[in-house]
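Peer 1: 2 is the number of the first residue of the sequence shown in my numbering; add one for each residue after it.
Just so it is clear, CB atoms sit at the ideal spot from N, CA and C, and this is done for glycine as well.
Just so it is clear, the structure is predicted and the values come from calculations on it, not from any experiment.
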Amino acid sequence: SRHYAIVPAAGTGSRMGAAQPKQYLPLLGRPLIHHALSVLCAAPEIDAVFVVLSVDDREWARHDWSGLGPKLKPLFCGGATRADSVLGGLRAIAHEAEQSDWVLVHDAARPCLAPWHVDKLTRELAHDEVGGLLAVPVADTLKRADHHRHVVETVARDSLWQAQTPQMFRYVMLRRALEGARNVTDEASAIEAAGLRPRLVQGDATNLKVTYPLDLHLAEWILQNREG
Ligand code: CTP
Ligand code: MG
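1) Less than 7 Å between C-beta atoms, sequence neighbours within five positions excluded: which residues of the same chain meet that for R16?
2) Cβ of G89 versus every heavy atom of ligand 2: is any distance shorter than 7 Å?
3) Out of H64, K72, C78 and A37, point me to the one whose CA is closest to D48's CA.
4) If you scan the segment 37-103 from start to end, which runs of the beta strand (DSSP E) of 3 or more residues do you find wholly inside it?
5) By a C-beta neighbour count over all protein chains shown, 10 Å radius and 16 as the cutoff for buried, is E188 buried or exposed?
6) When you measure from the CB of S190 to every non-hydrogen atom of ligand 1, does any distance come out below 7 Å?
7) What number of angstroms, rounded off, separates the C-alpha of A195 from the C-alpha of L179?
8) Would the segment 146-155 and the segment 73-83 be scored as touching if the rule is three or more Cβ pairs under 8 Å?
9) Would V202 and E125 be called neighbours here (beta carbons separated by less than 8 Å)?
10) For S86, verify whether its CB is less than 7 Å away from any heavy atom of ligand 1.
11) How big is the Cα-Cα spacing for S86 and P167?
12) With A206 and V137 assumed to form a contact (beta carbons below 8 Å), what rounded beta-carbon distance in angstroms separates them?
13) Taking only three categories from DSSP, how would you classify P138?
14) With burial defined as no fewer than 16 other Cβ atoms inside 10 Å of the residue's Cβ, what is the status of P45: buried or exposed?
15) Apply the 10 Å Cβ neighbour rule to V8 and answer buried if 16 or more other Cβ atoms are within range, or exposed otherwise.
16) Mind reading off the beta-carbon distance from I223 to C113? Whole number of angstroms is fine, and I expect it under 8 Å.
17) Closest by CA to D57, which one among G12, R227, D159 and A182?
18) The alpha helix (DSSP H) that contains R176, what's its start and end?
19) Drop a sphere of 10 angstroms on the beta-carbon of R183, count the other beta-carbons inside from all chains shown, and report buried for 16 or more, exposed for fewer.
20) Taking the beta carbon of T123 as the centre, do at least 16 other beta carbons fall within 10 Å, making it buried, or is it exposed?
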């Protein structure tokens, strides 16, 4: 079965507070999204990389993506939420995807994706019934608070993981799960809501999501200090 990447990139980056959506902010001389796209396009196990852009995206056409090769395909079918954008992408590739093909969904806002992340995820899930996601064990002690910010509970962290992307599921399973899901912030929760159990594949903290301005500095540092 084939592997398709879908990269949702139709968000506005409101928490970043920049003049343009964060996926296009410059990061080491390239648009932020270029870093992850280049890793996905270069991954031997991935057959095509679909970028889901906003229907009124004005920025994509201003950059040169030709260096990323023929696997890269923009789709102008973004939706109101991340889940809608991913679902739009899944619908748009329906004519070429087989039911059992794998789909790897990766946030445009995670520029520090490394080749070994993709490699480990696809290898560990290759024979899995359901699929799964990259994740890292939670390091901090977590508190649940009430509306007055009084701690009501300390949550045992030993079984808690932070979800990352890529998240990898079978085309038909993911599409059905997202079509039936409401208010999910990642693919895995849609799969869980459908009664299935995604598997966690341990990644590392370098695969951070750029959400706030500080994250952009961290991402720059990570990319600059990476070996090889
Ligand atoms: N995304 C998308 N379509 C949306 C919302 C988000 O494709 N309607 C994408 C973003 O472009 C990003 C990824 O989903 O690559 C993760 O979302 P997030 O970090 O929340 O990005 P934004 O929604 O753009 O940022 P914010 O929530 O701060 O506005
Ligand atoms: Mg968002």
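Peer 2: Based on what the coordinates show:
1) Indexing the sequence shown from 1 puts residue 16 at position 15. Excluding positions up to five away in sequence, the list reads T212 and Y213.
2) Working through the sequence shown from its first residue, we reach residue 89 at position 88. No - ligand 2 has no heavy atom lying nearer than 7 Å to the Cβ of G89.
3) Translated into the one-based positions of the sequence shown, residue 48 becomes position 47. Nearest option by C-alpha distance: K72.
4) 49-54 and 73-76
5) As a position in the sequence shown, residue 188 is number 187, starting the count at 1. So E188 ends up on the buried side.
6) Numbered from 1 along the sequence shown, position 189 holds the residue referred to as residue 190. Result no, Cβ not under 7 Å from ligand 1.
7) The residue given as residue 195 occupies position 194 in the sequence shown. The residue given as residue 179 occupies position 178 in the sequence shown. Taking the straight line from one Cα to the other gives about 9 Å.
8) no
9) What you label residue 202 is simply residue 201 of the sequence shown in a count that begins at 1. What you label residue 125 is simply residue 124 of the sequence shown in a count that begins at 1. Cβ distance < 8 Å, so V202 and E125 count as in contact.
10) Position 85 of the sequence shown holds residue 86. Because some heavy atom of ligand 1 lies under 7 Å away, the Cβ of S86 counts as near it: yes.
11) Translated into the one-based positions of the sequence shown, residue 86 becomes position 85. Translated into the one-based positions of the sequence shown, residue 167 becomes position 166. For S86 and P167, the distance between alpha carbons rounds to 15 Å.
12) As a working mapping, residue 206 is identified with position 205 in the sequence shown. As a working mapping, residue 137 is identified with position 136 in the sequence shown. Confirmed, Cβ separation roughly 6 Å.
13) Start at 1 with the first residue of the sequence shown, and residue 138 comes out as number 137. The answer is strand: DSSP assigns P138 an E or B state.
14) Residue mapping note: residue 45 aligns to position 44 of the sequence shown, counting from 1. With fewer than 16 Cβ atoms within 10 Å of its Cβ, P45 is classed as exposed.
15) Here residue 8 is taken as the residue at index 7 of the sequence shown, counted from 1. Classification of V8: buried, given that the 10 Å Cβ count is 16 or more.
16) Along the sequence shown, one-based indexing puts residue 223 at 222. Along the sequence shown, one-based indexing puts residue 113 at 112. Rounded, the Cβ-Cβ distance is 5 Å, consistent with contact.
17) For this step, residue 57 is matched to residue 56 along the sequence shown. Looking at the Cα atoms, G12 is the closest of the given residues.
18) One-based indexing of the sequence shown puts residue 176 at position 175. Element bounds for R176: Y172 to G181.
19) In the sequence shown, residue 183 corresponds to position 182, counting from 1. Flag for R183 reads exposed.
20) Locating residue 123 in the sequence shown gives position 122, where the first residue counts as 1. By the 10 Å Cβ count, T123 comes out buried.
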